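A short write-up of the structure that comes next.
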Amino acid sequence: MAKLTMTVNGKTVSAEAEGRTLLSSFLREGLGMTGTHVGCDTSQCGACVVHVDGQAVKSCTVLAHDVAGADVRTIEGMANPDGSLGKIQQAFQDHHGLQCGFCTPGMVMSAAALLAENPKPTEAEVRHHLEGNICRCTGYHNIVKAVLAASGQDVSKIAAE
Amino acid sequence: MPKDGGIGASTKRREDVRFLTGKGRYTDDINIRGQLYAHFIRSDVAHGRIRSIDTSAAEAMPGVAKVFTSKDFEGAGGLPCGWQVTDRFGKPMQEPKHPILAEGKVRHVGDPIAVVVAETLEQARDAAEAVVIDIEELEPVLDMKAALADGATKVHDDLASNLCYDWGFVEENKEAVNAAFGKAAHVVSLELKNNRLVANPMEPRVAVGDYEDHSGNHTLYTTSQNPHVIRLLMGAFVLGIPEHKLRVVAPDVGGGFGSKIYHYAEEAFVTKAAHILKRPVKWTSTRSEAFISDAHGRDHVTKIELALDADHNFTAIRTETYANMGAYLSTFAPSIPTWLHGTLMAGNYRTPLIYVNVKAVFTNTVPVDAYRGAGRPEATFQLERLIDKAARELGVDPIELRRKNFITADQFPYQTPVAVVYDTGNYHATMDKLLEISDYAGFGARAAESAKRGKLRGFGIAHYIEACGIAPSNLVGQLGARAGLYESATVRVNATGSISVFTGSHSHGQGHETSFAQVVAEMIGIDAGQVEIIHGDTSNTPMGMGTYGSRSLAVGGSALVKATNKIVNKAKKIAAHLLEASESDIELKDGKFTVAGTDKSVDWAGVTLAAYVPHNYPLENLEPGLEETAFYDPSNFTYPSGAYGCEVEVDPDTGKVDIVAFSAADDFGNIVNPMIVEGQVQGGLAQGIGQALLENCVYDENGQLLSGSFMDYAMPRADDLPMFKVDHSCCTPCTHNPLGVKGCGEAGAIGSPPAVVNAVIDALHRAGHTHVTHIDMPVSPARVWAAMNG
Chain V
17 MAKLTMTVNG KTVSAEAEGR TLLSSFLREG LGMTGTHVGC DTSQCGACVV
67 HVDGQAVKSC TVLAHDVAGA DVRTIEGMAN PDGSLGKIQQ AFQDHHGLQC
117 GFCTPGMVMS AAALLAENPK PTEAEVRHHL EGNICRCTGY HNIVKAVLAA
167 SGQDVSKIAA E
Chain X
254 MPKDGGIGAS TKRREDVRFL TGKGRYTDDI NIRGQLYAHF IRSDVAHGRI
304 RSIDTSAAEA MPGVAKVFTS KDFEGAGGLP CGWQVTDRFG KPMQEPKHPI
354 LAEGKVRHVG DPIAVVVAET LEQARDAAEA VVIDIEELEP VLDMKAALAD
404 GATKVHDDLA SNLCYDWGFV EENKEAVNAA FGKAAHVVSL ELKNNRLVAN
454 PMEPRVAVGD YEDHSGNHTL YTTSQNPHVI RLLMGAFVLG IPEHKLRVVA
504 PDVGGGFGSK IYHYAEEAFV TKAAHILKRP VKWTSTRSEA FISDAHGRDH
554 VTKIELALDA DHNFTAIRTE TYANMGAYLS TFAPSIPTWL HGTLMAGNYR
604 TPLIYVNVKA VFTNTVPVDA YRGAGRPEAT FQLERLIDKA ARELGVDPIE
654 LRRKNFITAD QFPYQTPVAV VYDTGNYHAT MDKLLEISDY AGFGARAAES
704 AKRGKLRGFG IAHYIEACGI APSNLVGQLG ARAGLYESAT VRVNATGSIS
754 VFTGSHSHGQ GHETSFAQVV AEMIGIDAGQ VEIIHGDTSN TPMGMGTYGS
804 RSLAVGGSAL VKATNKIVNK AKKIAAHLLE ASESDIELKD GKFTVAGTDK
854 SVDWAGVTLA AYVPHNYPLE NLEPGLEETA FYDPSNFTYP SGAYGCEVEV
904 DPDTGKVDIV AFSAADDFGN IVNPMIVEGQ VQGGLAQGIG QALLENCVYD
954 ENGQLLSGSF MDYAMPRADD LPMFKVDHSC CTPCTHNPLG VKGCGEAGAI
1004 GSPPAVVNAV IDALHRAGHT HVTHIDMPVS PARVWAAMNG
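Structure follows, in structure tokens:
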């Protein structure tokens, strides 16, 4: 066990962690931040996506000690400073982009990374970008719509309304 | 326009706020002080005899509290099966014991043998490496037909054979059906497989057991769709814990799709281990474990035949199905290929004679049980594939062949030859709507445009019916169910007028916290924000049967309406007293009680306050307080139906199928929250398309699961699917529940697989590959290419 320090959602945090502790476990068990979820063990589902120094990463595939000192952002840090839902979060609620909520943290973090890089993605670009995030509930229709809406694009013409 | 928060409004979901901010509370988020961690050691062979288990080295390792084997559960019962099917000779099914941990034999890869419980999960895993298990490998039983051959190796030595049951339905019709085939002008037949699937909700299963020594109270936190059912099955049949000493909590649950209905070994294990060790015990499934321990779905092999007269009227249907049960009977497994499948074989059609034969077979594979649709997708796939094949063989339009045989709107209620009575429906209307929203008329132009790009375009139709709202308890009792299938609700009105609703239904993505509140708010005329929905904890909700089979609004919602009606009736009595009027003159509108024809009124909060501060109150005639419970037992199933249209492009060079458009016209009866309904359909479509194109559970010849991770089992991803056109404007309300609702949760997964395969076959036929009559699911590029070039 060794002490590990990093910045999570703007706050400096420290906790003990073994060398083999994954970032996802460090967040969930070490820091008690259970918003980041683990849905598989092969780095496929994307429920665990967080940002490390601005990059979206699958936190189940990163050793916690490897990101010592880094700036980590999780779903708990995505709301506005007044506590209201952030733009992407609000779009997910407005467009019913979640059902059971389990994949949602990873979806929101992946979507945020996409929009930071590509502020007006096409539908195809959104779908391609979210390829590493599996949702079993929504059929992706409303997730894609929510991401397009969060980018400021008009989604009123999309089918199924 | 419906009022926001009322019935018919697309009210945004209140539960989303916690899920979107990382504040959901799923079972794995629960850690109890002093908790130990369980690691299951599972069989890595499909079939074998356990010669010995040596746990001594492991028990000496750091942090290990105990290593459990079946010896530690000698007094416990097996995991019970909740449905007993009677075979066509009147005998009960063969029902093997399903132990918590393997006793003597292992029967599938993943069968739990021993469990290490330690201070940390890492210590438990490390110690598991030191448990020495000697297994004599036996020949695995994998192929269903071979499993039934004389002299076949038996999965269960104490049973007569690998046949669970040989079921005939309706057995008395068998000869008449055969006679109809003898007289038929045309007979069309098809052999097909309904591929084995894994439900894969994104949240893996988790169970946390806790025990309070001084009171003898047990608590199980578990990822369940039906905590009361788990309490009953585990308490009464496995561990012998009475209900008042056993609390089961299913908090936020990350999807279920059927796989979280059943009572699993891990739940009984952590509950008992916590009792033995006097410390909380937690188990969290990995995804790899989920693939070999969650119940699988489907896995039917069927031959279906359709008899038609010279005018193309359907005269009879005959099927023979082999249904894989896996190694043990999961909780509701026997009911899926029988009562949830055979009773739907009439589909939307007037076929007068039907005979369904199902042989359920034990194999050395993971147990198979209900997965989204459960029996109804299997029935629909057979029928809708066969009708398409019939249309091609007869040279008629597949839409017209369906229309010619549809039960018409004036024929309801309609008694089918397979026991069920459809109350309402209008299948021509849903077909018309589908053709409209899918722009069927414009298909030719789109196909020509695809052809210019070298792609083969096809259009596939399927029409489905399903039986939801399971179920009338007395009926299912006669059919072998060992449970009632009512639902419950308690409506607790608080003194200042806010309302706490305790429902026996369970929400694991369906949005009950929003939609159930809409129902109560509408009935009383108050703001939905004043209504809170509480579910998932046996310690505060009335005994309920939970959520599956698209039953929550049809059955749970009906209980909610019934309880709210009791509240309204009592509130009117209180209002009559306060207003010094006759109860029969009191009207409730927009949260206000008025004496009819006057301006005398009292508002909702005035009545609720009087109920709890009964200073001016008819105490001699009426109890104080305002809290009512209702149980609702349905009088029939509900019958959602719809027409689905799939448009594909096939790449002739690779065989790859792209879904370029998918349209769904459903009749769900009345709708409480259209946004949620559309979301349910979209999700169902993704699972159905996943079954049709991508997903497949594959065992090798040794019984090893080859598709045991998300690397190998192809889950539908965002770029595999199109935007969906979903319509639910066709509405024939259910006639026998108070909301007139039918259920929408499974429809998408039921109607879409045959639409996809029909579209692929259509594309190939249009391109001249007329020899291709069927391709088994998943319709992979390799299979399509082989079919085209075969």
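These protein sequence lines are chains V and X, in that order.
In this text, residue positions in the first sequence follow the numbering used here: the first is 17, and each later residue adds one.
In this text, residue positions in the second sequence follow the numbering used here: the first is 254, and each later residue adds one.
We treat Cβ as the ideally placed atom computed from N, Cα and C, and that holds for glycine.
In this text, all values refer to a predicted model and were calculated from it rather than measured experimentally.
Can you pull the DSSP bridge partners for Arg295(X)? Pro365(X)
By how many angstroms is the C-alpha of Val317(X) removed from the C-alpha of Val1076(X)? In the structure as shown, chain X begins at 254 and stops at 1043. Residue 1076(X) is therefore absent and cannot be evaluated.
Within chain X, partners of Ala162(V) - CB distance below 9 Å: Result: empty, since nearest Cβ-Cβ is about 10 Å, beyond 9 Å.
Going by beta carbon distance, what residues of the same chain come within less than 7 Å of His351(X), once the five residues before and after it are set aside? Gly331, Leu332, Tyr581, Leu582
Name the chain X residues that come within less than 7 Å of Pro121(V), Cβ to Cβ? Gly275
Run down chain X in chain order and give the residues with a C-beta less than 7 Å from the C-beta of Gly155(V). Gln935, Gly936, Leu938, Ala939, Leu974, Phe977
Suppose contacts are defined by Cβ-Cβ distances below 7 Å. Is Leu146(V) in contact with Ser126(V) by that definition? yes
With three or more C-beta pairs closer than 8 Å as the rule, is the segment 948-961 of chain X touching the segment 675-686 of chain X? no
Starting from Ala681(X) and walking both ways along the beta strand (DSSP E), at which residues does that stretch end? Contrary to the premise, residue 681(X) reads as His rather than Ala in this sequence. That residue, His681(X), is in no beta strand (DSSP E); its alpha helix (DSSP H) goes 680-690.
Any idea what DSSP makes of Asn448(X), helix, strand or coil? Note: Asn448(X) maps to coil in three-state DSSP.
Can you confirm whether Leu114(V), when its beta carbon is compared against all beta carbons of chain X, has any partner nearer than 7 Å? Chain X contact via Cβ: present.
Beta-carbon within less than 6 Å of Gly998(X)'s beta-carbon, same chain only, minus the 5 sequence neighbours each way: which residues are those? Ser803, Gln933
Below 8 Å CB to CB, which residues in the same chain sit around Arg500(X) once its five sequence neighbours on both sides are set aside? Asn470, His471, Thr472, Leu473, Arg484, Asp790, Thr791, Ser792
Inter-residue CB distance, Ile752(X) and Val773(X) (contact presumed, cutoff 8 Å): 6 Å
Does the distance from the C-beta atom of Leu273(X) to that of Phe108(V) stay below 7 Å? yes
Run through the DSSP bridge pairs and tell me what Thr283(X) is partnered with. The question names Thr, but residue 283(X) in the sequence shown is Ile. Per DSSP, none; premise fails for Ile283(X).
Which residue's Cα is closest to the Cα of Ser811(X): Tyr885(X), Glu719(X), Val362(X)? Tyr885(X)
Out of Thr604(X), Pro605(X), Val609(X), which has the shortest C-alpha to C-alpha gap to Thr591(X)? Of the listed residues, the one whose Cα sits closest to Thr591(X) is Val609(X).
Alpha helix (DSSP H) runs contained entirely in the segment 74-157 of chain V, provided each spans 4 or more residues: Runs of the alpha helix (DSSP H) lying entirely within the segment 74-157 of chain V and spanning at least 4 residues, in chain order: 103-110, 120-133, 139-145.
List the DSSP bridge partners of Ile718(X). Ser894(X).
Residues in its own chain within less than 6 Å of Glu268(X) by CB, not counting five upstream and five downstream? Glu766
Residues of the segment 453-487 of chain X in Cβ contact with chain V at a cutoff of 8 Å, in chain order, please. Asn453, Pro454, Met455, Glu456, Pro457
Identity of the residue in Leu688(X), Gly328(X), Thr749(X), Gly697(X) nearest Gln783(X) by Cα: Thr749(X)
Exposure label - His53(V); buried when at least 16 CB within 10 Å: By the beta-carbon neighbour count (other beta carbons within 10 angstroms, threshold 16), His53(V) is buried.
Closest Cβ-Cβ distance between Ser691(X) and chain V: below 7 Å? no
If we cut at 7 Å on Cβ distances, does Thr539(X) have a partner in chain V? yes
CA-to-CA distance, His868(X) to Pro877(X), given in whole angstroms: 10 Å
Neighbour flag for Asp269(X) against chain V, beta carbons, 7 Å: yes
Test: Met17(V) CB closer than 7 Å to a CB of chain X: no
Put Ser916(X) into one of helix, strand or coil per three-state DSSP. strand
Rounded to whole angstroms, what is the Cα-Cα separation between Gly35(V) and Gln376(X)? 15 Å
Within 10 Å of its beta-carbon, does Val430(X) have 16 or more other beta-carbons around it, so buried, or fewer, so exposed? buried
Quick one: which chain V residues come within Cβ less than 8 Å of Tyr515(X)? None at all; the shortest Cβ gap to chain V is about 18 Å.
In its own chain, which residues sit with a C-beta less than 6 Å from the C-beta of Val385(X), not counting the 5 before and 5 after it? Asp307
Cutoff 6 Å; reference Glu177(V); Cβ partners in own chain excluding five residues on either side: Because the pLDDT of Glu177(V) is 43, which lies under 50, any placement of that residue in the model is unreliable, and the number read from its coordinates should be weighed accordingly. The answer is none, since no qualifying residue turns up.
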